[in-house]
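In the numbering used here, the protein residues as written are 5 to 282. Every residue gets a Cβ at the ideal spot worked out from N, C-alpha and C, and that includes glycine.
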């Protein structure tokens with residue numbers, strides 16, 4: 005079998021890998037649950053290539069992510085549920101349905117009108133999906149009811165917190181000022197101090213969770229993505245710590261050979277250098 009630019013070749017390769025007797029033992033023993041973590045990992049690797057501006061890696065990582073789609077579709081086909089063409093049809097149908105201002109008669113809409121129309125279309129899609137599940141004899145997902153329905157549990161926790169709070173805000177359960185959220189941050193910090201004083205590990209963990217949840221809400225109130233904020237903070241920490249390592253290397257030393265006080269002083273030096281840079 006030879007490589008090809010045709011998606012059909014990828015589908016054929018996946019089918020061969022999943023063929024009992026002649027396929028790959030590892031691929032054959034996989035199921036939806038075992039493959040799901042790889043799907044998430046590949047999506048993160050796509051995002052990482054984009055963040056690094058590496059288009060060579062991006063091409064490969066997009067291929068890896070596409071393989072995940074083909075893998076899931078193949079397993080569904082083996083069960084008689086659906087196949088890859090059905091996946092393509094589903095997404096093309098959705099795109100056309102959600103963009104009547106591009107593919108239909110709803111032309112010349114303002115951004116606000118497009119957003120309102122999008123909401124109406126998604127609400128209809130939700131009703132249609134519920135009806136299709138009922139007709140197929142499938143139970144309604146436990147989380148499908150209520151204002152907070154539809155936020156995947158597999159999202160990164162900060163992103164999921166942001167989305168849950170955004171949904172709650174649609175019915176007025178929200179602060180109307182970011183400074184009020186900041187007051188809540190201070191309140192949660194005080195509760196962590198109390199939990200630390202009590203020495204109850206479970207209580208400490210709970211209060212830290214509450215603090216992170218409120219911080220995500222604070223980010224939402226200032227129109228910031230909490231995941232992006234934390235990603236930037238991680239990058240800043242890595243950059244500054246690398247500065248500490250470089251300074252110690254010039255002294256012929258390693259971080260483990262320095263005292264905490266020396267490390268802190270070098271950290272402050274790196275910060276001062278960054279802030280002085282044009």
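With a threshold of 16 other CB atoms inside 10 Å of the CB of residue i, please say whether the residue is buried or exposed.
i: residue 185; result: buried
i: residue 224; result: buried
i: residue 177; result: exposed
i: residue 220; result: buried
i: residue 48; result: exposed
i: residue 153; result: exposed
Assuming residue i is part of the alpha helix (DSSP H), what are its boundary residues?
i: residue 123; result: 115-139
i: residue 18; result: 11-21
i: residue 158; result: Careful: residue 158 lies outside any alpha helix (DSSP H) and carries neither H nor E.
i: residue 245; result: 230-254
i: residue 49; result: 36-56
Distance check for residue j and residue i, CA to CA, integer angstroms please.
i: residue 10; j: residue 90; result: 17 Å
i: residue 56; j: residue 71; result: 22 Å
i: residue 134; j: residue 127; result: 11 Å
i: residue 22; j: residue 67; result: 19 Å
i: residue 222; j: residue 65; result: 33 Å
i: residue 113; j: residue 151; result: 28 Å
i: residue 192; j: residue 169; result: 17 Å
i: residue 1; j: residue 120; result: It is not possible to answer for residue 1, since the shown part of the chain is limited to 5 through 282.
i: residue 105; j: residue 122; result: 10 Å
i: residue 139; j: residue 131; result: 12 Å
i: residue 12; j: residue 78; result: 12 Å
Residue i by DSSP, collapsed to three states: which one?
i: residue 5; result: coil
i: residue 149; result: coil
i: residue 31; result: helix
i: residue 271; result: helix
i: residue 142; result: coil
i: residue 226; result: coil
i: residue 83; result: coil
Just checking my contact of residue i with residue j at CB under 8 Å: how many whole Å lie between their CB atoms?
i: residue 230; j: residue 166; result: 6 Å
i: residue 162; j: residue 216; result: 7 Å
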